[in-house]
Structure formats: structure tokens, C-alpha cells
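Peer 1: Structure incoming, see below.
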Amino acid sequence: MKSRTKHKGAAGKPASSSHIIDSDGHVRETDEQIIEYMSAGYRTRREAMLYFPLVPHHGWHRSIPANDFRHQDFRVPDWHEWASKLDEGNIELTVLYPTRFMHIGQIGNPAYAVELCRAYNNYLHDQFLTQDRRFRGMALLPLQDVPAAVKELRRAVQKQGMVGGILPAEGLPLPLGHRQYHPVFREADRLGCALSVHSCTSLRDNDRFLQPNEVAALAHVIPQMRQFTNILFSGLMNRLKRLRLGFLEAGCGWVPYLISKIEERLERVPPNERPVLPSRLLAQKQLFFQCGEEMTTRRDVELLGDDCLLWASDFPHEATRTDMRVLVKEFFDRKDLARQAKRKILYDNPKQFYAL
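To get the working numbering, take the position in the sequence shown, counting from 1, and add 27.
Right under this line is the structure:
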């Protein structure tokens with residue numbers, strides 16, 4: 028494992044003794060924090076900039092009447108609190124993603140998207156990655172300006188030690204497999220880093236729903252299915268042999284169904300034009316999925332194998348009071364998964380995906 032700072036785990040033991048990697052943790056970045064990392068032209072307009080959210084969060088208003096945040100102990104954990112959670116669960120590493128800035132795909136102005144991504148990445152590097160060697164980061168990428176996104180991915184990986192880049196599952200005008208975005212995939216392949224399609228709570232046409240739980244039931248999985256299908260049919264993966272793609276925040280119950288549909292359709296494509304089959308990409312360890320608490324996880328392991336699934340805490344989402352010991356124990360105590368599968372999901376697979 029690559030080291031960062033001198034921090035050790037609980038009771039002075041090296042963090043590497045635990046053999047658990049959290050594949051998807053989150054920071055709760057605030058506008059007040061991010062604006063301090065923006066260029067001077069934005070900082071001098073701080074009061075006006077902060078009057079409105081820096082990033083749109085369509086649909087958030089819908090959840091307010093239904094949520095009692097007093098019971099969720101809603102806080103913004105700093106690196107000290109995050110480190111204490113790693114100690115609590117005896118977790119070796121966590122890979123950090125944003126929260127509100129996951130909605131970066133909704134930004135319509137390319138120059139502004141570039142500014143926000145660069146500011147967020149600098150914030151993450153400064154406030155977390157340099158503070159504890161157990162933190163790893165995924166870079167926010169401004170796909171509204173593809174050359175700038177390529178440059179930012181290169182900077183984040185080579186100069187800030189990040190382990191890959193984030194592709195928004197929702198918000199962009201074109202699906203991720205579109206030729207316009209291919210340079211970002213090629214750069215990740217060249218760098219040997221990961222790319223994650225990470226979904227968020229925004230969903231096209233979610234105003235058709237009246238209750239927040241209706242949206243939450245679909246907001247993650249539908250964008251992931253759309254992007255997964257488009258990327259595979261694009262033929263992009265035929266040429267990129269080092270690229271590793273992750274699909275996070277939507278579980279994995281949808282994956283066997285969609286792969287079966289995709290492979291059925293690909294059989295109708297002439298062999299000389301046919302994109303690589305997803306089953307082959309799984310065998311080559313180029314596709315990874317976050318497994319949640321679904322009742323289907325055992326079936327998913329049987330159908331997909333145990334080399335492509337990742338465990339994630341998702342802390343601090345859902346409940347800031349999450350006891351990491353309980354979270355880890357619940358996974359270890361599952362009777363439907365073999366010990367080898369648990370070891371791969373908790374450690375071997377995230378190590379492979381993120382090249383740790």
C-alpha cells in the first residue's frame with residue numbers, strides 16, 4: 028500500500044493490519060469551504076457567490092418535509108472525525124467522494140465547472156488526503172470541457188496522488204459513452220487509474236414523483252443502467268485494456284439482469300462491429316460494482332463472480348452516527364457469502380480497482 032502521513036490506526040497498530048478497504052466514503056463539502064479554494068475573482072465576490080448554492084441540487088427540497096434531521100445527527104465530519112471512524116471499524120483505507128458536488132454534471136457553464144472541480148480537488152487534497160495516509164481521493168472532473176477534464180485528471184493523479192476520477196451519472200447533455208468524452212477514458216487508461224460512474228439523488232423527470240422515497244428508489248439505479256449500457260455499446264472498452272470502471276451507489280442487483288439483456292442484443296451485431304462482451308470485461312477485471320445490503324447479493328456473486336464487487340460504508344450519508352464496528356460486523360456475519368467472497372469484496376477487489 029502506498030503511504031501518506033505518519034498516522035497509525037487504533038491502539039497504535041498500523042492501519043494495514045485490518046484488511047478492510049472502504050470503497051466509497053464521502054466528505055460533506057460546504058460552499059463556505061470550497062469558495063476558499065476558488066480563484067481570486069470568485070473569492071472577492073464571496074457574499075454574492077454564497078447567496079445561492081455553488082452547485083444545483085435539484086430535488087433536495089422534496090426531502091425536507093419528510094426528513095427529521097434531528098434523528099440523523101446531521102454534521103459535516105472533518106478529517107479527525109473520519110479518522111476516528113476508520114479506527115472504530117479497524118478499516119485500513121477509505122476512498123473519498125464528494126456529496127453535494129456529485130451534482131457537478133448539472134453545471135451548464137464549462138468554465139465554471141472547471142473552476143469548481145479544481146477547487147474541490149484542492150480542498151479534498153488539503154483537508155483530507157494530506158492529513159492521514161488512510162484517505163484516498165477520487166477527482167471531480169469537468170466533463171463540460173473535455174480537454175480541461177483530461178488535464179485535471181492528470182493533475183489530480185500525478186500531483187495530488189488521487190486514485191482516479193468521477194464521472195457523473197446524471198446531468199450531462201450526452202451519455203458517457205459518447206465519442207466526445209472518449210479522451211477522458213483514454214487518459215485514465217494511460218494513467219492506469221480508475222474511473223467511477225457515481226450516481227446521486229437527482230433524476231431526470233423526478234418531478235413526476237411526489238414523495239422523496241419514490242425518487243430515492245430509482246434515482247441511483249436508472250442513471251447507472253443508462254450509462255453502463257451506453258458505455259458498453261459504444262465499443263470504447265474494445266481499445267482500452269487497462270481501464271477499470273466502477274459503478275457506485277446503486278448496489279449490484281441490477282447488473283446481472285442488464286448484462287443478460289446487453290449480451291443478447293450484442294449477438295445481433297455483426298462480429299466485426301461487436302463491442303466486447305461485459306462478461307469478458309468481468310473476466311479481465313475491468314468492471315466493478317458496489318454491493319449493498321440487497322437480498323440478491325448471494326445471487327449476484329453466483330452470476331457475476333466474486334472478483335467485481337466492492338464493500339462501502341457510504342459514511343456519513345444516511346446516518347452520521349453509524350457505528351463502523353456494527354457495519355463491518357454485519358457484513359462479516361452474513362451467512363449467504365463464503366469467507367473467500369467476503370475477503371475479496373472487503374479487500375482484494377477494491378485494492379485491484381483503485382490500484383492501491
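We put the beta carbon where it would ideally sit given N, CA and C, even for glycine.
Source: prediction; values computed, not measured.
Let me make sure I understand the geometry here. Which of LEU308, LEU293 and GLY52 has the alpha-carbon closest to that of ARG301?
Peer 2: Taking the first residue of the sequence shown as 1, we reach residue 301 at position 274. Minimum Cα distance to ARG301 is reached at LEU293.
Peer 1: How about GLY191 and TYR381: do their beta carbons lie closer than 8 Å?
Peer 2: The residue labelled residue 191 in the question sits at position 164 within the sequence shown. The residue labelled residue 381 in the question sits at position 354 within the sequence shown. Yes, the pair counts as a contact, with Cβ atoms nearer than the cut-off.
Peer 1: Just reading off the alpha helix (DSSP H) that PRO174 is part of, what are its end residues?
Peer 2: Residue mapping note: residue 174 aligns to position 147 of the sequence shown, counting from 1. Here the alpha helix (DSSP H) through PRO174 covers 173-187.
Peer 1: Would you check if the distance between the CB atom of MET252 and the CB atom of LEU199 is smaller than 8 Å?
Peer 2: Here residue 252 is taken as the residue at index 225 of the sequence shown, counted from 1. Here residue 199 is taken as the residue at index 172 of the sequence shown, counted from 1. No, the pair does not count as a contact, with Cβ atoms beyond the cut-off.
Peer 1: State whether the segment 66-81 contacts the segment 301-320, with contact taken as three or more CB pairs (one from each stretch) at a distance under 8 Å.
Peer 2: Cβ pair count under 8 Å is below three, so no.
Peer 1: Count the CB pairs spanning the segment 131-139 and the segment 158-165 that are closer than 8 Å, and state whether there are at least three.
Peer 2: no
Peer 1: When the distance is taken between beta carbons, is ASP334 closer than 8 Å to LYS371?
Peer 2: Here residue 371 is taken as the residue at index 344 of the sequence shown, counted from 1. Here residue 334 is taken as the residue at index 307 of the sequence shown, counted from 1. The answer is yes: Cβ separation under 8 Å.
Peer 1: If you draw a straight line from the alpha carbon of LYS40 to that of GLY132, how long is it in whole angstroms?
Peer 2: For this step, residue 40 is matched to residue 13 along the sequence shown. For this step, residue 132 is matched to residue 105 along the sequence shown. Confidence at LYS40 is low in this model, with a pLDDT of 39, below 50, so its placement is unreliable and no value can be given for it.
Peer 1: If you scan the segment 100-140 from start to end, which runs of the alpha helix (DSSP H) of 4 or more residues do you find wholly inside it?
Peer 2: If one requires a minimum length of 4 residues, the alpha helix (DSSP H) runs lying completely within the segment 100-140 are 106-116, in chain order.
Peer 1: Using only alpha-carbon positions, find the residue among ILE249, LEU272, GLN379 and LEU337 that is nearest to LEU259.
Peer 2: For this step, residue 259 is matched to residue 232 along the sequence shown. Per the Cα distances, LEU272.
Peer 1: Who pairs with MET322 in a beta bridge, going by DSSP?
Peer 2: For this step, residue 322 is matched to residue 295 along the sequence shown. None; MET322 has no bridge partner.
Peer 1: Just verifying my parser: in three-state terms, what is the DSSP assignment at ILE61?
Peer 2: As a first step, residue 61 is located in the sequence shown; it is residue number 34 there, counting from the start. ILE61 sits in a helix when the DSSP states are folded into three classes.
Peer 1: Nearest-angstrom Cα distance between GLU72 and ILE62?
Peer 2: For the purposes of this step, residue 72 is taken as residue 45 along the sequence shown, with counting starting at 1. For the purposes of this step, residue 62 is taken as residue 35 along the sequence shown, with counting starting at 1. The amino acid at residue 72 is misidentified as Glu; the sequence shows Arg. Near 10 Å, if we compare the C-alpha coordinates of ILE62 and ARG72.
Peer 1: Who are GLN317's beta bridge partners in DSSP?
Peer 2: Stepping through the sequence shown from its first residue, residue 317 is reached at position 290. GLN317 is bridged to LEU337.
Peer 1: Which stretch, first to last residue, makes up the alpha helix (DSSP H) that contains ASP248?
Peer 2: Position 221 of the sequence shown, counting from 1, holds the residue named residue 248. Rather than Asp, the amino acid found at residue 248 in this sequence is Val. Counting along the chain, the alpha helix (DSSP H) containing VAL248 begins and ends at 248-260.
Peer 1: Check PRO305 in the structure and name its three-state DSSP category.
Peer 2: Within the sequence shown, residue 305 is the residue found at index 278, counting from 1. Note: PRO305 maps to helix in three-state DSSP.
Peer 1: Kindly indicate which three-state DSSP category GLY68 falls into: helix, strand or coil?
Peer 2: The residue given as residue 68 occupies position 41 in the sequence shown. The answer is helix: DSSP assigns GLY68 an H, G or I state.
Peer 1: Where does ILE47 fall in DSSP's three states?
Peer 2: Taking the first residue of the sequence shown as 1, we reach residue 47 at position 20. Three-state result, ILE47: coil.
Peer 1: Just reading off the beta strand (DSSP E) that MET165 is part of, what are its end residues?
Peer 2: For the purposes of this step, residue 165 is taken as the residue at position 138 of the sequence shown. Unbroken beta strand (DSSP E) run through MET165: 162-167.
Peer 1: Using only alpha-carbon positions, find the residue among PRO343, ASP360, LEU364 and ALA365 that is nearest to GLU56.
Peer 2: The residue labelled residue 56 in the question sits at position 29 within the sequence shown. Looking at the Cα atoms, PRO343 is the closest of the given residues.
Peer 1: As a quick exercise: from LEU180, LEU263, GLY280 and GLU357, pick the residue whose alpha carbon is nearest that of VAL248.
Peer 2: Numbered from 1 along the sequence shown, position 221 holds the residue referred to as residue 248. Closest option to VAL248, Cα to Cα, is GLY280.
Peer 1: Determine whether the beta carbon atoms of VAL296 and LEU331 lie at a separation below 8 Å.
Peer 2: Taking the sequence shown and counting its residues from 1, the one referred to as residue 296 is at position 269. Taking the sequence shown and counting its residues from 1, the one referred to as residue 331 is at position 304. No, Cβ-Cβ distance for VAL296 and LEU331 is not below 8 Å.
Peer 1: Any idea what DSSP makes of PHE236, helix, strand or coil?
Peer 2: Taking the sequence shown and counting its residues from 1, the one referred to as residue 236 is at position 209. Three-state result, PHE236: coil.
Peer 1: Do the segment 143-152 and the segment 103-113 meet, that is, are 3 or more Cβ pairs less than 8 Å apart?
Peer 2: no
Peer 1: Exposed or buried, HIS46, counting other C-beta atoms within 10 Å across all chains shown (16 or more means buried)?
Peer 2: Taking the sequence shown and counting its residues from 1, the one referred to as residue 46 is at position 19. Taking every protein chain shown into account, the CB of HIS46 has fewer than 16 other CB atoms within 10 angstroms, so this residue is exposed.
Peer 1: Could you give the C-beta distance for PHE155 and LEU123, rounded to a whole number, given that I count them as a contact under 8 Å?
Peer 2: Along the sequence shown, one-based indexing puts residue 155 at 128. Along the sequence shown, one-based indexing puts residue 123 at 96. Confirmed, about 6 Å.
Peer 1: Buried or exposed, going by whether 16 or more other CB atoms sit within 10 Å of the CB of ASN376?
Peer 2: Counted from its first residue, the sequence shown places residue 376 at position 349. By the neighbour-count rule (16 or more Cβ atoms within 10 Å), ASN376 is buried.
Peer 1: Under a Cβ-count criterion, where at least 16 other Cβ atoms within 10 Å of its own Cβ denotes burial, should ASP49 be classed as buried or exposed?
Peer 2: Counting from 1 along the sequence shown, the entry for residue 49 is found at position 22. So ASP49 counts as buried.
Peer 1: How should LYS112 be labelled, buried or exposed, when 16 other C-beta atoms within 10 angstroms of its C-beta is the threshold for buried?
Peer 2: Position 85 of the sequence shown holds residue 112. When all chains shown are included, LYS112 counts as buried.
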